[in-house]
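Structure record follows, encoded as structure tokens.
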Amino acid sequence: MGAQSSTNWSQRGQQLTEVLLVVFGAVLFAAALLGALKPVIVDAGLVAAGSNDAAIVTFLLQYAGFAAVVGWYLQVVSDWQLVGWGRPDRRDIGLMAVGIVVLVGANRAITRLFSWGDVDVGTNTAVTAGAGNPGYLLAMVVVSLCVVGPVEELLFRGVVQGRLRESWGVWPAIFVATALFGLSHVSVSGGLAGIAAYVLTATVLGVLLGYLYERTGTIVVPAVIHGVNNAVIFAGLYLGEIGVL
């Protein structure tokens, strides 16, 4: 019993170290890719420095870096089935619809709760870049749906949660993956309380995404919910910029 327990904890420690290296490696590789390619793209005249297009290119390069590390990891460990790639069935689609409503509603409710406590939730740089730039905000609706949601879910739910589930169990895996997901959102503007509120909000919402991934078994569900949630934020800002809201 003692030897088995020791082996279990050894495996847990190994897998925790593994996923931490994957997450930090993804961040570092994304930064390196951005630093290497963005100047080339700007110098080639494909986008103007400081423009809306340059901001979009920044996000695309960063998430390309994340996706590349996810693909590299799955190839190295020869375990592409670590991620649930299944097509959602009718029940999954129903849960997806409910998840979208709950996530968007919870996001608004949590933000309102913090505002009642005179705490302004930190602002993501992707949002601040859209001030006075409705075209950028509209483009970010598409980027959120097609890039941000899917790639972040592949990394945090697909790889991190999927790997930790093997030895830690479902709920510990959800909480660790969610904690890392929340911490990945620490680079926002605002005071310390606002940053903490933003990270806490992302963490709470991440639990729902993790749960729905386990419930449905397909990464498509949290990827779509995550993408739609972000898209709703940018769509609201866009409508505000053009005077509809």
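If you want this note's numbering, it's the position in the sequence shown, counting the first as 1, plus 4. Ideal Cβ placement from N, Cα and C applies to all residues, glycine included.
ask   = Under the three-state reduction of DSSP, which class applies to residue 137: helix, strand or coil?
value = coil
inquiry  = Give me the residue from 131, 200 and 117 with the minimum Cα distance to residue 240.
reply    = 131
query = If residue 238 and residue 100 are in contact, beta carbons under 8 Å, what's the gap, nearest whole angstrom?
reply = Going by Cβ atoms, the distance from residue 238 to residue 100 rounds to 20 Å, so no, they are not a contact pair.
request  = In angstroms with no decimal places, state the Cα-to-Cα distance between residue 140 and residue 129.
outcome  = 13 Å
message = For residue 224, tell me which candidate among 187, 196 and 97 has the shortest Cα-Cα distance.
response = 97
query = Is the CB-CB distance between residue 79 and residue 34 below 8 Å?
reply = no
request  = Determine the extent of the alpha helix (DSSP H) in which residue 176 is found, giving its start and end residues.
outcome  = 174-187
request  = Please list, in chain order, all residues of the same chain as residue 73 whose beta carbon is under 7 Å from its beta carbon, the five residues on each side excluded.
outcome  = 26, 29, 30 and 33
ask   = From residue 251 to residue 248, what distance separates their C-alpha atoms?
value = With the chain covering 5 to 249 only, the question about residue 251 has no answer from this structure.
inquiry  = Excluding the 5 residues flanking residue 151 on each side, which residues of the same chain have their C-beta closer than 6 Å to its C-beta?
reply    = 67
task = Could you give the DSSP three-state label for residue 222: helix, strand or coil?
result = coil
query = Does the separation of the CB atoms of residue 232 and residue 104 fall below 8 Å?
reply = yes
query = From residue 181 to residue 47, what distance separates their C-alpha atoms?
reply = 38 Å
ask   = On the three-state DSSP scale, how would you describe residue 92?
value = coil
key: Segment contact, 8 Å Cβ cut-off, at least three pairs: the stretch 158-166 with the stretch 200-220   = yes
inquiry  = Here's the rule: buried if 16 or more other CB atoms are within 10 angstroms of the residue's CB, otherwise exposed. What is residue 40?
reply    = exposed
inquiry  = Considering only heavy atoms of the ligand NAP, does any lie closer than 7 Å to the CB of residue 106?
reply    = No copy of the ligand NAP occurs in the structure displayed, which carries no ligand at all.
request  = Would you mind working out which of 171, 228, 199 and 202 sits nearest residue 213, comparing C-alpha positions?
outcome  = 228
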